[in-house]
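**Student:** Here the first sequence stands for residues -7 to 188, where the numbers follow our numbering.
Sending over a structure as structure tokens; questions will come in a sec.
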Amino acid sequence: MFDRSLLARPALDVAPLLLGARLISRGVTVRLTEVEAYLGADDPGSHGHRGKTARNAVMFGPPGHLYCYFTYGMHTCSNIVTGAEGTSSGVLLRAGEVIDGVDIARARRHTTKDDVDLARGPARLTVALGITLGDNGHDLQSGDIRLELASSPSAYEAGPRTGVSGHGGSDFFPWRFWIPGDPTVSPYRRSTRRKA
DNA sequence: CGAAGGATTTTCT
DNA sequence: GAAAATCCTTCGT
């Protein structure tokens, strides 16, 4: 359980709160180590930038829900909806550490050799938790998938966003947050490939 | 350890 | 018709 009003704030304020939080889904528990904020209307890289569509409608809804979308023809990514109802802000779950149900997570991702890679990456994390497109709009306060905020805030660092091509070149903001020193995060920082 | 390219379907212009 | 909030394999150093 968590305080929904905490998530009703802008994504940039909420993102640090989610670091260290736990996501419990169908036998697997993940501790979030890396997230990324999407602001919506003011954010060229956000799905909500061009207005409400059938796909992103959930992001315009109340906070504390799950927004899942399909991308690159083969992957599903998960977000936590933040901000007041009517705004399209959300936080993409970029990486996490599987702290319970490792066997189940490993079974879902049989191509993985290393346990540290089980939930390192948005699509990987989604698979490890057994989340599918059918879970779009799921309320994280009830049902199979639940969110638990950390009892105390975690230390974090912020940096530029990666993997987004629509940044226009000039305005670049540190919208990416991670827990420093965590093994599920550091490889990302070094070998991040940005599209030219 | 780091860099590069292919896979493959939904969504919006 | 083009692009996409990515992942995995293979090649090179």
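The beta-carbon is built from N, C-alpha and C at its ideal position, and this holds for glycine as well.
Which of helix, strand or coil does DSSP assign to His41?
**Tutor:** Helix.
**Student:** Determine the extent of the alpha helix (DSSP H) in which Ile96 is found, giving its start and end residues.
**Tutor:** Val94 to Arg100 is the span of the alpha helix (DSSP H), which, as asked, contains Ile96.
**Student:** Within 10 angstroms of the Cβ of Arg86, are there 16 or more other Cβ atoms? Answer buried if so, exposed if not.
**Tutor:** It counts as buried.
**Student:** Might you give, ordered along the chain, the residues of its own chain that have their beta carbon closer than 6 Å to the beta carbon of His39, omitting 5 neighbours on each side?
**Tutor:** So the qualifying residues of the chain are Asn48.
**Student:** So the beta strand (DSSP E) Met1 belongs to, where does it begin and stop?
**Tutor:** Residue identity differs from the one stated: residue 1 is Arg in this sequence, not Met. Neither: Arg1 is in no beta strand (DSSP E) and is coded neither H nor E.
**Student:** Given a cut-off of 8 Å, decide if His57 and Asp131 are closer than it, judged by their beta-carbon atoms.
**Tutor:** Cβ distance < 8 Å, so Asp131 and His57 count as in contact.
**Student:** Classify Asp106 as helix, strand or coil using the three-state DSSP reduction.
**Tutor:** Asp106: coil per DSSP, three-state reduction.
**Student:** Give a yes or no on whether the C-beta atoms belonging to Leu31 and Ala3 are separated by under 8 Å.
**Tutor:** Result yes, Cβ atoms of Leu31 and Ala3 sit closer than 8 Å.
**Student:** Tell me whether the beta-carbon of Gly88 lies closer than 8 Å to the beta-carbon of Val6.
**Tutor:** In this structure, Val6 does not lie closer than 8 Å to Gly88 by Cβ.
**Student:** Quick one, are the C-beta atoms of Thr124 and Thr68 less than 8 Å apart?
**Tutor:** The answer is yes: Cβ separation under 8 Å.
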